[in-house]
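Peer 1: Quick one: the structure is below, questions incoming.
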Ligand code: ARG
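Numbering (our numbering), first residue to last: 2 to 581.
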């Protein structure tokens, strides 16, 4: 179903066209009409703001323009009432019967009224992307949570989604680690190793690499061996990757994340071709023995041109080379229409340079393929500084998640004193993980946010617990009435102002999702769901459900609210609970 916003845009646009095209043919420059949701009920449901813009251009009074638009719009079967407000805004009241008809359509459709147009757009969401054997930090957690949610959003909107984990599984660091393993840990490595062992050894190897020139040399030899396809080095590398993978998987399972691993090493066979091609196209040049791409607009702090190095003087390829190869592969072979990189803000310059170079090399045509670096801020501790453990170490993701679960357990035990341990365990896991995810998703991603267990586990305010509880409450309201919703013959029909406010908000679910997909701002889903819960509470405060004349219709309104809430939570990656 087309959203109300889009339908009103169409109506207003053709009204503007009819009213002004003869006198001002350039009116097309300001179409489609600018329609927004009203912020307050007494301003109507939507608002058209185009008259003000046109007034300036046509040198007419904005209210006169608004009047002409209103005259043309009045005949539409969508609108009930139009009012000109303030300097020339048009307040639009949609016909109640239109809202009701669309709400009923949402109810009878398992996609909540969102038409499935077939898999049209191929969308790649690259997220998580930790590094083998290196510390998995909260930045990777953010990427994982945001990326999973975006993937679910695009899937729900009917895109063909490919979720990719661009694992850092290649590079000079493996030389250090392999050399270190051979020299100090060969026995332990044979016996059985975990990701955290590897992380510890990685740190130790890095320290030795920086301090001990002879070790550095041996490490570099291992890099050459690995890149040259040496069997022993390759086998060790594979084993390191496998161990890391198990560690990552554990976290993905707990977070209910599914993702396909396609690490940096996948692109190795394509790197030389990229470097040669850039050189052949005259895009790169040799500078100090390295192959560099210099592009307008990129400078160092000292105002000298900033190169993007695609091949180092020692012959090694770079992080950027891999990203160029990956971008090209995703466009040419995967036939992506849209590519989303969920990576922390620290890599903004890197992605800008990669995208610019890809355009220069004609791998990327922005008219055909949309690329977004979906960046995000850092996670802060309650002291306002970068999130660390008390001893100043980076927080291990698993520890962080387990802590949230164990705090949720205390809460669940208190709320459900008669439940057995298994039920408590399961619901605490859901509440704990949901809370971590929601706290992350509910703030604007480009902002840093403070990680606080106490705050994220609260039952009041814009939290996972509040929404989960709202969901549980709606289920119990439905249960209490005790009527099988499938047997209700009559239709949903809103008429009380609190019902209308809730109904309109429900109908705007799709508008919100489309906006989030376009601007990639998942916090708007949270905001929407929080408002939904509040609007439901107002409705339930103002309107009797059980035993009222409108019982059946109101029960359907409860049902639709619960469906939209559940779907919204699902898109955020949250699971619901039956009791809490
Ligand atoms: N592995 C990288 C890191 O941990 C993130 C990879 C981001 N994706 C990319 N295509 N460069 O910093």
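Note that the Cβ used here is the ideal one computed from N, Cα and C, for glycine as well.
1. Any heavy atom of ligand 1 closer than 6 Å to the Cβ of residue 89?
2. Helix, strand or coil for residue 529? Go by DSSP, reduced to three states.
3. Between 27, 61 and 94, which lies nearest to residue 5 when the distance is taken from Cα to Cα?
4. Could you tell me if residue 45 is buried or exposed, where buried requires 16 or more neighbouring beta carbons within 10 angstroms of its beta carbon?
5. Does the distance from the C-beta atom of residue 559 to that of residue 475 stay below 7 Å?
6. How is residue 373 classed by DSSP in three states: helix, strand or coil?
7. Output needed for residue 52: all residues of its chain with C-beta closer than 7 Å, excluding positions within five of it in sequence on either side, in chain order.
8. Return yes when at least one heavy atom of ligand 1 lies under 6 Å from the C-beta of residue 167, else no.
9. If you compare alpha carbons, which of 579, 412 and 518 is closest to residue 159?
10. Given a threshold of 16 other Cβ atoms within 10 Å of its Cβ, counted over all protein chains shown, does residue 193 qualify as buried or as exposed?
11. Any idea if residue 429 is buried or exposed, counting beta-carbon neighbours within 10 angstroms, 16 or more meaning buried?
12. Does DSSP put residue 124 in a helix, in a strand, or in coil?
13. Would you mind reading off the limits of the beta strand (DSSP E) that contains residue 181?
14. Quick test of your reading: residue 405 and residue 437, contact by CB under 8 Å. State the CB separation rounded to the nearest angstrom.
15. Assign residue 259 to buried or exposed, taking buried as 16 or more other Cβ atoms, counted over all protein chains shown, within 10 Å of its Cβ.
16. Among 55, 122 and 138, which residue has its Cα nearest to the Cα of residue 401?
17. Could you tell me whether the Cβ atoms of residue 324 and residue 355 are closer together than 7 Å?
18. Compare the C-alpha of residue 112 against each of 577, 565 and 570 and name the closest.
19. Any heavy atom of ligand 1 closer than 6 Å to the CB of residue 319?
20. I'd like the list of long-range same chain contacts for residue 481, defined as Cβ closer than 8 Å, with 5 residues on each side in sequence excluded.
21. Let me check one thing: in DSSP terms, what residues is residue 446 bridge-paired to?
22. With respect to 6 Å, is the separation between the Cβ of residue 344 and the closest non-hydrogen atom of ligand 1 below this value?
23. Per DSSP, what kind of secondary structure is residue 101 in: helix, strand or coil?
24. Taking the beta strand (DSSP E) that residue 1 belongs to, which residues open and close that run?
25. Which word fits residue 301, buried or exposed, when buried means at least 16 other C-beta atoms lie within 10 angstroms of its C-beta?
26. Give the straight-line distance between the Cα atoms of residue 326 and residue 316, rounded to the nearest whole angstrom.
27. Return the CA-CA distance between residue 448 and residue 380, expressed in angstroms with no decimal places.
28. How would you call residue 242, buried or exposed, if buried means at least 16 neighbouring beta carbons within 10 angstroms?
29. Kindly indicate the opening and closing residues of the beta strand (DSSP E) around residue 298.
30. According to the neighbour-count rule (16 or more other Cβ atoms, all chains shown, within 10 Å of its Cβ), is residue 178 buried or exposed?
31. Looking at C-alpha atoms only, which residue of 423, 445 and 578 is the closest neighbour of residue 473?
32. Which residues share a DSSP beta bridge with residue 94?
33. Would you say the region 257 to 275 touches the region 192 to 209, given that touching needs at least three Cβ pairs under 8 Å?
34. For my contact list, residue 322 and residue 361 are in at a C-beta cut-off of 8 Å; report their separation, rounded to the angstrom.
35. May I ask you to report which of helix, strand or coil DSSP gives residue 309?
36. Can you check DSSP and say which residues form a bridge with residue 255?
Peer 2: Taking the definition as stated:
1. Remark: the shortest separation between the CB of residue 89 and any heavy atom of ligand 1 does not fall under 6 Å.
2. The three-state reading of DSSP puts residue 529 in helix, counting H, G and I together.
3. For residue 5, the nearest C-alpha among the options comes from 94.
4. With 16 or more Cβ atoms within 10 Å of its Cβ, residue 45 is classed as buried.
5. Pairing residue 559 with residue 475 gives a Cβ-Cβ distance under 7 Å.
6. Strand.
7. If we look at residue 52 and ignore the five residues flanking it on each side, its Cβ neighbours are 63, 66, 67, 70, 89 and 91.
8. Residue 167: yes, Cβ under 6 Å from ligand 1.
9. The candidate whose alpha carbon is nearest that of residue 159 is 518.
10. Residue 193 is exposed by the Cβ-count criterion.
11. By the Cβ-count criterion, residue 429 is buried, with 16 or more other Cβ atoms from all chains shown falling within 10 Å of its own Cβ.
12. Residue state, collapsed to three classes: strand.
13. Residue 181 -> not in any beta strand (DSSP E); alpha helix (DSSP H) instead, spanning 174 to 181.
14. Residue 405 to residue 437, Cβ: 5 Å. Contact.
15. Residue 259 comes out exposed.
16. Nearest option by C-alpha distance: 138.
17. Yes, Cβ-Cβ distance for residue 324 and residue 355 is below 7 Å.
18. It is 565.
19. Residue 319: no, Cβ never under 6 Å from ligand 1.
20. Cβ within range, chain order: 547.
21. The partner list for residue 446 (beta bridge, DSSP) is empty, contrary to what the question assumes.
22. Residue 344 Cβ: within cutoff of ligand 1.
23. Three-state DSSP puts residue 101 in a helix.
24. Outside the shown range of the chain (2 to 581) lies residue 1, about which nothing can therefore be said.
25. Looking at its Cβ environment, which holds fewer than 16 other Cβ atoms inside 10 Å, residue 301 is exposed.
26. Answer to the nearest angstrom: the Cα atoms are 17 Å apart.
27. Straight-line spacing of the CA atoms in residue 448 and residue 380 works out to 9 Å.
28. Residue 242 comes out buried.
29. Annotation for residue 298: the continuous beta strand (DSSP E) segment containing it runs 291 to 300.
30. By the 10 Å Cβ count, residue 178 comes out buried.
31. Residue 473 has its Cα closest to that of 578, out of 423, 445 and 578.
32. Looking at the DSSP assignment, residue 94 forms a beta bridge with 82.
33. Counting C-beta pairs closer than 8 Å gives fewer than three between the region 257 to 275 and the region 192 to 209, which falls short of the contact rule.
34. Not a contact, Cβ separation roughly 15 Å.
35. Secondary structure at residue 309: strand, using DSSP grouped into helix, strand and coil.
36. Note: residue 255 sits in no beta bridge, so no partner.
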